[in-house]
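Take any residue in the sequence shown, count from 1 to its spot, add 8: that is its number in the working numbering.
Even for Gly, the Cβ is constructed at its ideal location relative to N, Cα and C.
I have placed the structure first, in the form of structure tokens, so that the comments after it can refer back to it.
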Amino acid sequence: MNKINKISKILTGALMFALTLCLAKAQPTEPQGTITGRAWLEMGGTGLAEITGSERFPDGFDVEVYLPYFEWNPSPEGDIFAPADNAYGDNYAAQIMGYFHPPASGDYTFWLSADDNADLWLSTDSDPANKHVIAREAGWSNARNWDSVGGGSVVEDKNSSGFSATEWPGGNTITLQAGEAYYIEAIVKEGGGGDNLAVAVEDPNGEIDPTLPIPGEYLSSIQPSGPVNIVTQPMGATVNALDPLTLSVEVAGTPPYAYQWKKDGADIEGATASSYAIDRVDNTHAGSYTAVVTGAEGSATSDAAVVAVNSDSEAPEVVSATGSESFALARVTFSEPIDPVTGGNKDNYSLSGGVNVTGATVGAAPNDHIVTLTTSSQKEGTMLTITVNNVTDLFGNTIAADASMEFSTFIWQEGYVLHKFWQGTPNNIAGLIDDPRFPNSPDFVTLEPFWEYGPDGSNESGSNYGNQLVGWFVPPSDGEYIFFTSSDDPSDLFLSTDDDPANKLLIAREAGWSNARDWVGTGGGASNIDDKRSDFFADSEWPTFDISLEGGERYYLESLHTEGGGGDSVGATVIASNDADPASGDAPTLTGSLIGTYLDPNGASVNIIQQPADSDVDEGTAATLSIVAEGTSAYGNTVNLQWQQAAAGSDDFTDIPGATGDSYETGVLVIGDSGLQFRVQLSVPTLSATSDVATLSVVKDVTPPRIASVTANSLNGLIVKFNEGIDAATGAVAGNFSLSDGVSISSASAAGQSVLLKTGSLTSDATYTLTVGGVKDLYGNAVPAGTSKSFVVSVVTYTDIILADEPIAFYRFEETGGMVAENFGTLGSDADGLWMSGVGPDDSIEWEVSNEEGPNPGEGFLGFGEDNLAASFNGDLDLLWIETQGQWLSNLDSFTLEYWVKPTNREGNGWNRVGIVGQNDAVEYGFINGTTIQIWTPGGGALNTTYEFPDDEWHHIATIADGSQIHNYFDGELINSAGSATSDYGAADFTVRIGGGGVYDGSGNHFEGGLDEVAIFDRAIPAERVKEHFTAGREGGSKAAPEVDPTISITSADDGSITIEFEGVLQSADTVNGAYSEVAGAASPFTVTADSPQKFYRSSQ
């Protein structure tokens, strides 16, 4: 909430000037009986920063109303005794502002109740610039719950006398004077589910009922009092036919206001708002318009606005045509809206190929430029021509004779399900089916690789909508199958007895709601666990509970789903009847070759702008190949990419797992890799293409390694980092290293590009020179004897590297006693971890710390000390877990979690829903089963990543959630990404816990093994820093990558030689623009003798 306060304060300063000008028109001196309310629609998240930080705030509101008392969405009858219905909508913000007129002088207490987050502000006078926050709803409460909370809030903070963070000059005592007007404002940000906002007050004499919202008799709006007058008159216009038109007025005077628009002196039915909008103008809209406005003190009539219409004289044209997945429909799109009589006459259309047109229907506006034709059966993937005659537009212009368009019927696409979405439907299946847009006019369509929506198990795709998943199930073999459905809110699952949708039968139902992918559980409402599976569903329309299907045949499958508010999802999965039931959380099995659908191929294209190119690559390095392409289809502009690889001279290309981006980086290449071939398969739905082949030539490495940096990790240890991988045998010879000033080197150990040296005592801030010789790279090139590098001793530890990125929480687990795991992050001791023993908070007691040996140099982790400790957990045997004392993962728009893990006994019992670090119902994170690490969020979806490492090995795991997707990194490398875009990953009343005590659930989820260096960031740190953190543990590192500004200077001698002094890496070439390569073993100063061949030199980083 501190961030919200800061943002609010900044915006108050930046925006208050404009608001003050607006309100400086003289505030009402007497109550008006009303207060101003405003709303901003279609705004995600629940934090107040979503609205106060929006460019739409404060003047870009979508709704302005005048409320009879201090409550948003009040009773339509204005009955203060009837609470608001708690269901105005989802994903919006509301603001109530005006003036409070105290009936007596004395002390006042204000109460706030809201869902979701809200702040209440009061000014010390009538000036909004002097407002102060006096109460806060930090989570949510039901309507008018003044002295209780629903979740996430502190009840004392909801009233001005108990709010701990009050900004009122008098603290929690608010003293007001009768006869004065005090500016007051409440603002709420609603996410999903219930919603409300109200303010109550207790006055010193008990005149106002404190259990009800403040009545209008003590309130005024932000409008000054007085007779109604029209400040801004409506503007006349000349409008082209079919263009939109909006007329509006702005008024002043005592509200509330009533409006009536008139055309040519006659009332326009339903035109009773401050603006009058016409979606599409036609000839009948020409005329003279006025608005009559009635306020609390009289009425006024606007000036006349004269509207002229330019009529349409152009004939319609056929823009496109397409078939449908049913092969019994065709759709013709025209250049403009079509007359429903001529457009709906089937005799005005004909199709080639012996296909008959049996009916025609013009779509309802705004889709009345589309005509849907019913036809006799079409063949899959066939070219047809539609010919149109006698069709006119809305102005009588007739299409050209024999206007025609060629199109292809739909084709089969394996591995996808077609998803259709309709916004603004009732929250019941019958209401969706009755919607005139269903099934042929969805608001949008997507293609999904799994039988589910939202994608990847996410559970927030909107509110007040209906959707449909359409496809065909292809059984892998003959047998009996069981289908499961899960959704929030209700859904029906249908299966046809064959490939014909007309023969579909209801086989499963979700009557209430369940969480995403909750196949064998329920959430609430009328949900029944038996009804969610086809073999137990009592109302199944399938002839038997056993669904017997033939392998390889296509069976039509369909999900229908509707959503009201809150979380939402729909999905289905299938098993063979002799398989184990799916586990909740498992991805749908309806994917890949088991599903498919028929898609529209018309207009699909793929264009390769830049092909992958051949390249020469040094041995021991990786190559990066890239492609630039664009494409389009009836389903969007996304081009799917799959990199493929083949051996030298082979035509047998195979997919590279996970290589689906516009660039691909190979692994480290050796000479034997020369000739490797790469290409890209590109596809949009219904169309694919193949790129040119790029061939790699690997050039032998003849350059010795060089010293990149020398860093002290203690006053008895150095980490020497080279510019490439080091041979472990020569890197581990202490005699290959020497230090100036007589400092001894007792041992060396190598890993990757680094060598850890154990030394005699070093002096902090002193300068030393390290001399190296005989250390080889992986290709036998040795560092020349006498190569040296000077450095200053400034100890950099793994802890320093992590803290440089400012985690809010960082647990090192170095304690050898006590009950506290110290937090080294920015939250300080507020987030110290408490060791606990028990199933969960309700039955746990504080416990002594539990340690084991952590990652250390003896195991190849040079960045840690030999005595490094880690937290040790023994699963359900000791029930240990760590309480971090806060909801640190609530309401984040991005975050990063990072740790070292060494699980054990994953083959044993209980390795399901095993917690690592997380906050139940907000960010749940751990092993969902023995082989899968799962992170789940309510706002941004989930990500499952296979964990293939053996037990009892330390590995570095990091997860970055950046607001667009969730990404998992193992040992510094990106493994996979999933999830959906969000501005709020979720919130919950539970605290962040480590190792159990409730991570996936309210309690339990106990981990077995070791955890170390657990870091929590309240932002998405750069991916390269994750790599650097892993490298820092494995090989040592620095707080930031060392930067060298290359310099070079030359001095000539009398003997014709030259001396080159340089910073950086010395390189040479035979020509000034030639190919430069590193000068082997070059150290500054470097001498070139007079008899040397001509060379050009430069220095680089």
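CB-CB length for residue i against residue j, believed under 8 Å
| i | j | result |
| --- | --- | --- |
| I419 | T694 | 6 Å |
| S282 | V257 | 6 Å |
| S466 | G949 | 3 Å |
| A249 | V317 | 6 Å |
| A879 | G1004 | Contact doesn't hold; Cβ gap of about 11 Å is too wide. |
| R1033 | D749 | Not really, about 35 Å apart at Cβ, beyond 8 Å. |
Reduced DSSP category for residue i - H, G, I as helix; E, B as strand; rest coil
| i | result |
| --- | --- |
| S343 | coil |
| E322 | coil |
| I941 | strand |
| F1113 | With the chain covering 9 to 1109 only, the question about residue 1113 has no answer from this structure. |
| K512 | strand |
| P1101 | coil |
| V860 | In the sequence as displayed, the identity of residue 860 is Glu instead of Val. Strand. |
| V259 | strand |
| A313 | strand |
| Y933 | strand |
| P136 | helix |
| T6 | With the chain represented from 9 up to 1109, any question about residue 6 goes unanswered, as that position is not in the structure. |
| D840 | coil |
| A995 | coil |
| G351 | helix |
| S332 | coil |
| A1049 | Residue confidence is low: A1049 scores 40 on pLDDT, short of 50, so the model does not pin down where it sits. Its coordinate-derived value is still stated next. In the structure shown, A1049 sits in coil (DSSP, three-state: anything other than H, G, I, E or B). |
Rounded straight-line distance, which links the Cα of residue j to that of residue i
| i | j | result |
| --- | --- | --- |
| S752 | N724 | 10 Å |
| D886 | I537 | 34 Å |
| E854 | H975 | 34 Å |
| A697 | Q619 | 12 Å |
| R921 | S535 | 24 Å |
| S161 | I182 | 22 Å |
| Q1102 | D1078 | 7 Å |
| L811 | N876 | 17 Å |
| T1119 | L455 | Outside the shown range of the chain (9 to 1109) lies residue 1119, about which nothing can therefore be said. |
| V289 | D272 | 16 Å |
| Y77 | E225 | 8 Å |
| S168 | T117 | 6 Å |
| G53 | A92 | 22 Å |
| Q185 | W176 | 15 Å |
| I1110 | V478 | Shown here, the chain extends from 9 to 1109; a query on residue 1110 therefore has no answer. |
| Q35 | A266 | 21 Å |
| D626 | A758 | 23 Å |
| G147 | A102 | 16 Å |
| G980 | L888 | 29 Å |
| R541 | L503 | 13 Å |
In DSSP terms, what residue i is bridged to
| i | result |
| --- | --- |
| A411 | V396 |
| N876 | Its beta-bridge partners do not exist; DSSP assigns none. |
| N615 | E638 |
| T719 | I727 |
| T805 | According to DSSP, which records beta bridges pairwise, T805 is partnered with nothing at all. |
| G1004 | Note: G1004 sits in no beta bridge, so no partner. |
| K271 | A274, Y297 |
| W148 | D123, G159 |
Closest Cα partner of residue i within the set the options
| i | options | result |
| --- | --- | --- |
| F1094 | I1068, S1107, V688 | I1068 |
| A986 | G971, F978, D929, L951 | L951 |
| I378 | T395, M391, A329, A408 | A329 |
| I664 | I679, L684, G657 | L684 |
| T366 | S83, G352, S172 | G352 |
| T771 | S802, P712, V763, G794 | S802 |
| F393 | D410, W480, D401 | According to the sequence shown, residue 393 is Thr rather than Phe. The shortest C-alpha separation from T393 is found at D410. |
| L255 | P590, D287, T262 | D287 |
| S858 | D838, E1021, E822, G306 | E822 |
| E932 | A969, H963, A312 | A969 |
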